[in-house]
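> Numbering (this note's numbering), first residue to last: 10 to 289.
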Amino acid sequence: MHKKLKAGCKVFNGLAKNKPVNLLRIFQYIFLMALPAILSVTSCSEAGSFARSIERASGKDAYLQHDIFSARIQLTFGGKEIIFGNMFIETRGDRSRFEFDNGEVMLFDGKNAYASSNELISRLPRIRFEVLTWPYFLELPFKLNDPGVNLQTLGSKTMNGNLIPSARLTFSAGVGDTSEDWYILYRNPQSKLLQAAAYIVTYGQSVEDAQKEPHAIVYSKYREIGNVQIATEWNFHNWTLEDGIMGRAIGHASLSQLKFVSYNSVSFIAPGEYILATLP
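This is the structure:
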């Protein structure tokens with residue numbers, strides 16, 4: 010500590026005595042001291058550009074002009090049919106609703122998840138996971154600048170044998186049911202649309218366990234509706250950062266009958282007989 014203070018005094022003494030000063034060394038020192046801040050600003054700028062390019066290509070502004078997005082969804086995972094019915098997603102909020110063809114309903118009212126019957130909970134024990142996860146996958150291209158979202162570019166990473174621009178998405182503490190989830194985003198170099206997203210699911214398990222089995226969702230067959238691009242085919246795969254997606258698809262979702270509807274046609278309020286779905 011004292012040596013550093015003496016060194017600093019010596020510089021000023023030299024200036025006071027009109028001794029020659031090595032300006033190059035001074036500029037080098039200033040640059041090195043400022044380098045972390047410069048890199049941080051550059052990194053933030055790159056991440057912002059990455060996010061904005063996906064948002065523009067996807068039509069985020071147009072999406073937010075509507076009240077509710079609606080689609081028919083058929084989702085299977087691990088050989089099991091999860092959802093076959095109508096999905097409703099609030100565009101400027103967190104609420105969602107799923108109506109199954111047999112009349113059953115599950116929904117998220119912005120705070121709590123509900124199911125219309127115990128039979129539905131028996132079939133889908135993770136109701137809260139279902140009503141939050143699938144809407145988030147659809148809206149992911151529009152969520153990159155949400156409060157509490159942190160984005161860091163990773164350069165080009167391998168996906169389907171090709172090097173694709175990528176970024177890591179994490180969450181600040183206290184965001185969502187768990188802030189320990191993360192995503193690796195892959196942006197199509199030509200269209201700038203979100204091509205894939207690797208992720209872990211910490212719902213009901215530790216981060217350590219979740220990271221042993223990361224998955225990736227691959228988006229395809231984008232369709233335009235009202236100046237908004239929506240991926241109508243989702244394939245789920247096992248994944249590693251080094252190799253990208255691995256093996257055959259372990260899950261699949263198809264979306265059809267895409268449309269935007271008003272609040273008058275959808276309710277996100279659970280009737281009194283609905284059952285509260287608790288966290289694991």
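Note that CB positions come from ideal geometry on N, CA and C, so glycine has one too.
Ile278: buried (16+ other C-beta within 10 angstroms of its C-beta) or exposed?
As a position in the sequence shown, residue 278 is number 269, starting the count at 1. Exposed: under 16 other Cβ atoms inside 10 Å.
> Taking Tyr72 as part of the alpha helix (DSSP H), name the residues at either end of that continuous run.
Here the question's residue 72 lines up with position 63 in the sequence shown. Looking at the DSSP string, the run of the alpha helix (DSSP H) that includes Tyr72 is 69 to 73.
> Candidates His224, Ser215, Thr167: which alpha carbon is nearest Arg196's?
Start at 1 with the first residue of the sequence shown, and residue 196 comes out as number 187. Answer by Cα proximity: Thr167.
> Give the DSSP bridge partners of Gln220, in chain order.
Locating residue 220 in the sequence shown gives position 211, where the first residue counts as 1. Its beta-bridge partners do not exist; DSSP assigns none.
> Less than 9 Å separating the beta-carbons of Ile82 and Ser263?
As a working note, residue 82 is residue 73 in the sequence shown. As a working note, residue 263 is residue 254 in the sequence shown. Closer than 9 Å, so yes.
> Would you check if there are 3 or more beta carbon pairs closer than 8 Å linking the segment 243 to 259 to the segment 211 to 228?
The segment 243 to 259 is in contact with the segment 211 to 228.
> Quick check: Val275 and Ser67, are their CB atoms within less than 9 Å of each other?
Walking along the sequence shown from the start, residue 275 turns up at place 266. Walking along the sequence shown from the start, residue 67 turns up at place 58. No, these two residues do not count as a Cβ contact at 9 Å.
> Who are the Cβ neighbours of Ser229 in its own chain at under 6 Å, not counting the five residues just before and after it?
Taking the first residue of the sequence shown as 1, we reach residue 229 at position 220. Same-chain partners within the cutoff: Glu242.
> Once you ignore the five residues that flank Ala122 on each side, which residues in its own chain have a CB closer than 6 Å to its CB?
Mapped onto the sequence shown, residue 122 falls at position 113. So the qualifying residues of the chain are Ile136, Arg137, Val140, Ala286.
> If you drop the 5 nearest sequence neighbours on each side, which residues of the same chain put their C-beta closer than 7 Å to that of Leu129?
Your numbering for residue 129 matches position 120 in the sequence shown. Hits under 7 Å: Glu113, Met115.
> Quick check on this structure: which residue in Ile209, Ile284, Gly57 has the alpha carbon closest to the alpha carbon of Leu163?
Mapped onto the sequence shown, residue 163 falls at position 154. Nearest C-alpha to Leu163: Gly57.
> With distances taken between CB atoms, is the gap from Ile63 to Leu153 smaller than 9 Å?
Locating residue 63 in the sequence shown gives position 54, where the first residue counts as 1. Locating residue 153 in the sequence shown gives position 144, where the first residue counts as 1. Taking 9 Å as the Cβ cut-off, Ile63 and Leu153 qualify as a contacting pair.
> Rounded C-beta distance between Asp76 and Val270? I'm assuming under 8 Å.
Numbered from 1 along the sequence shown, position 67 holds the residue referred to as residue 76. Numbered from 1 along the sequence shown, position 261 holds the residue referred to as residue 270. Contact holds; Cβ gap of about 7 Å.
> Ordered along the chain, which non-local residues of its own chain (more than five positions away) have a Cβ less than 7 Å from that of Leu73?
Here residue 73 refers to the residue found at position 64 when the sequence shown is read from its first residue. Only residues of its own chain outside the window of five on either side were considered, and among them Thr100, Arg101 have a CB closer than 7 Å to the CB of Leu73, listed in chain order.
> Under a three-way DSSP split, which group does Ala43 fall into?
Taking the first residue of the sequence shown as position 1, residue 43 is located at position 34. Low local confidence applies: a pLDDT of 45 at Ala43 is under 50, so the model's placement there is unreliable, with the coordinate-based value given in what follows. It is helical.
> Taking the straight line between their C-alpha atoms, what separation do you get for Phe78 and Ile254?
In the sequence shown, the residue the question calls residue 78 occupies position 69. In the sequence shown, the residue the question calls residue 254 occupies position 245. If you take the alpha carbons of Phe78 and Ile254, they lie about 29 Å apart.
> Report back the beta-carbon spacing between Ile239 and Lys268 to the nearest angstrom; my notes put them in contact at under 8 Å.
By one-based count along the sequence shown, residue 239 stands at place 230. By one-based count along the sequence shown, residue 268 stands at place 259. Between Lys268 and Ile239 the Cβ distance is about 10 Å, and since that is not below 8 Å, they are no contact.
> Between Ala206 and Tyr192, what straight-line distance do the alpha-carbon atoms span, to the nearest angstrom?
Within the sequence shown, residue 206 is the residue found at index 197, counting from 1. Within the sequence shown, residue 192 is the residue found at index 183, counting from 1. Going by C-alpha positions, Ala206 is about 6 Å away from Tyr192.
> In chain order, what are the residue ranges of uninterrupted alpha helix (DSSP H) at least 4 long that sit wholly in the segment 69 to 109?
69 to 73
> From the DSSP secondary-structure annotation, give me the bridge partner or partners of Gly260.
The residue labelled residue 260 in the question sits at position 251 within the sequence shown. DSSP lists Phe86, Phe245 as partners of Gly260.
> Look at Ser105 and Pro150 and say whether their C-beta atoms are less than 9 Å apart.
Within the sequence shown, the letter at position 96 stands for residue 105. Within the sequence shown, the letter at position 141 stands for residue 150. Cβ distance not < 9 Å, so Ser105 and Pro150 don't count as in contact.
> Which residue marks the beginning of the beta strand (DSSP E) containing Leu129, and which one marks its end?
Here residue 129 refers to the residue found at position 120 when the sequence shown is read from its first residue. From DSSP, Leu129 is part of no beta strand (DSSP E) but of the alpha helix (DSSP H) over 127 to 132.
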